[in-house]
Amino acid sequence: MGLEIAFWLLAVVGILAALGVVLLRNVFRAALSLVLCFLVVAGIYVTLSADFLAVVQVLIYVGAISVLIILAIMLTRDVQLGSLSNKLRIPALFVAILFLGAVGFATINTLWPVSGVSPVMPTTEALALKLFGEGGFILPVEIAAVLLLAAILGAIVLVREK
Amino acid sequence: MSIGLEHYLILSAILFSIGLYGALAKRNAIIILMSIELMLNAVNIAMVAFSRYIVPLLLTGQVFAIFIIVVAAAEAAVGLAIILAIYRGRETIDATKIDLMKW
Numbered sequence: 223m224g225l226e227i228a229f230w231l232l233a234v235v236g237i238l239a240a241l242g243v244v245l246l247r248n249v250f251r252a253a254l255s256l257v258l259c260f261l262v263v264a265g266i267y268v269t270l271s272a273d274f275l276a277v278v279q280v281l282i283y284v285g286a287i288s289v290l291i292i293l294a295i296m297l298t299r300d301v302q303l304g305s306l307s308n309k310l311r312i313p314a315l316f317v318a319i320l321f322l323g324a325v326g327f328a329t330i331n332t333l334w335p336v337s338g339v340s341p342v343m344p345t346t347e348a349l350a351l352k353l354f355g356e357g358g359f360i361l362p363v364e365i366a367a368v369l370l371l372a373a374i375l376g377a378i379v380l381v382r383e384k
Numbered sequence: 569m570s571i572g573l574e575h576y577l578i579l580s581a582i583l584f585s586i587g588l589y590g591a592l593a594k595r596n597a598i599i600i601l602m603s604i605e606l607m608l609n610a611v612n613i614a615m616v617a618f619s620r621y622i623v624p625l626l627l628t629g630q631v632f633a634i635f636i637i638v639v640a641a642a643e644a645a646v647g648l649a650i651i652l653a654i655y656r657g658r659e660t661i662d663a664t665k666i667d668l669m670k671w
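From first to last, the protein sequence lines stand for chains A and B.
Numbering-wise (my numbering), the first sequence opens with residue 223 and increments by one.
Numbering-wise (my numbering), the second sequence opens with residue 569 and increments by one.
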């Protein structure tokens with residue numbers, strides 16, 4: 223029962239916050255709405271018993287990426303123009319609704335092979351075994367390290383004063 | 569009615585559609601980047617929901633979600649750096665006015 227109340231509350235707040243990101247006129251308020259949406263997604267992870275991912279979501283998205291986005295808004299002076307739409311607004315709305323309809327139709331009409339097993343509860347140890355253990359994802363982990371290094375170097379090179 | 573896999577998938581599809589609309593219809597490049605982050609988060613919800621309901625003991629979906637978060641962080645850093653570099657050169661981040669490579 224508690225899980226259901228939590229899910230519906232999080233879903234409603236999350237959808238309203240996501241609508242705020244695309245509908246609010248003020249760019250800074252849209253960014254704050256995005257932070258709220260990230261927090262809601264962390265809550266959704268908790269209801270899915272993914273505790274480690276919820277903490278990672280708060281640390282990386284709410285902590286780091288939102289600060290980056292707000293810093294970029296502060297450094298560019300297009301804020302007073304507000305968040306305008308281009309002339310593709312109506313086709314974009316049509317495409318989004320079409321996509322939502324297609325995915326919703328497919329989701330409802332598919333018979334998912336849902337397993338009744340209760341999930342692993344402290345997921346940290348199981349995830350670590352999955353990532354670093356025998357036959358796990360150790361090669362992607364190393365590639366992710368190289369990707370992050372390349373991204374940091376690329377960002378520094380792009381914003382450096384000549 | 570108890571909460572099942574479908575609820576999470578529909579929620580994920582709604583968030584993805586909102587992000588899709590924002591990425592297609594907005595002029596401010598930072599708002600477009602924010603919409604893309606929204607879409608990546610929606611995909612993560614779907615991944616974790618599949619992991620929780622279909623293979624609860626394998627956790628593969630959560631591992632994929634971790635890699636998506638890594639790629640999203642790299643994308644945000646490089647994307648915002650590109651936006652700042654464009655702003656320095658052209659004094660605007662309006663995506664309809666950044667048309668140097670359009671024919």
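The beta-carbon is built from N, C-alpha and C at its ideal position, and this holds for glycine as well.
All of these numbers come straight from a predicted model, not from anything done at the bench.
Three-state secondary structure (DSSP) of B/D667 | coil
Output needed in chain order: residues of the region 587-620 of chain B with a Cβ under 8 Å from some Cβ in chain A.
G587, L588, Y589, G590, L592, A593, K594, R595, N596, I598, I599, L601, M602, S603, E605, L606, N609, N612, I613, V616, A617, S619 and R620
Is the CB of A/L261 under 8 Å away from at least one CB in chain B? no
task: Hey, could you find the ends of the alpha helix (DSSP H) A/Y283 is sitting in?
output: No alpha helix (DSSP H) contains A/Y283, which DSSP labels as neither H nor E.
inquiry  = What does the alpha-carbon distance come out to for the pair A/A367 and A/C259?
reply    = Approximately 27 Å, taken between the alpha carbons.
Note to self: Give me the DSSP bridge partner(s) of B/K594.
What the structure shows: A/S307
Checklist entry - Taking the Cβ atom as the reference point for each residue, do B/L627 and A/F321 lie within a distance shorter than 8 Å? => result Cβ atoms of B/L627 and A/F321: not closer than 8 Å.
Q: Could you please give the first and the last residue of the uninterrupted alpha helix (DSSP H) stretch that includes A/F359?
A: That residue, A/F359, is in no alpha helix (DSSP H); it is neither H nor E in DSSP.
Exercise for the section: Would you check if the distance between the CB atom of A/I282 and the CB atom of A/A253 is smaller than 8 Å? Expected result: no
_Identity of the residue in B/E659, B/L606, B/R595 and B/K670 nearest A/R311 by Cα_ = Its Cα nearest to that of A/R311, the residue B/R595 stands out among B/E659, B/L606, B/R595 and B/K670.
- request: Give a yes or no on contact between the region 369-382 of chain A and the region 573-586 of chain B, applying the rule of three or more CB pairs nearer than 8 Å.
  value: no
Beta-ladder partner(s) of B/D662, from DSSP: B/N596
Practice item. Could you give the DSSP three-state label for A/E383: helix, strand or coil? Key: coil
Exercise for the section: Could you check how far apart the C-beta atoms of A/A373 and B/A591 are, in whole angstroms? I think they sit under 8 Å. Expected result: With a Cβ gap of about 20 Å, A/A373 and B/A591 do not count as contacting.
**Request:** With a floor of 4 residues, list each alpha helix (DSSP H) that falls wholly inside the region 308-340 of chain A, ordered by position along the chain.
**Result:** DSSP runs (the alpha helix (DSSP H)) wholly in the region 308-340 of chain A: 311-331.
query: Under the rule that 16 or more other beta-carbon atoms within 10 Å means buried, what is A/M223, buried or exposed?
result: exposed
### Query
According to the neighbour-count rule (16 or more other Cβ atoms, all chains shown, within 10 Å of its Cβ), is B/M615 buried or exposed?
Burial state of B/M615 is buried, judged by a 10 Å Cβ sphere holding 16 or more other Cβ atoms.
### Query
Which residues in the same chain as A/V268 place their Cβ atom closer than 7 Å to its Cβ, once the five residues preceding and following it in sequence are excluded?
A276
Can you give me the C-alpha to C-alpha distance between B/I651 and B/A640, rounded to a whole angstrom?
16 Å
Top-ranked residue by Cα proximity to A/L238, from A/L225, A/E226 and A/V257: A/V257
inquiry  = So B/I550 contacts chain A; which residues on that side make the cut at Cβ distance below 9 Å?
reply    = As displayed, chain B neither begins before 569 nor continues past 671, which places residue 550 of chain B out of reach and without an answer.
Backbone CA spacing between B/G629 and B/R656 [nearest angstrom]: 40 Å
Next on the checklist: Please state the DSSP three-state secondary structure of A/T298.
Outcome noted: coil
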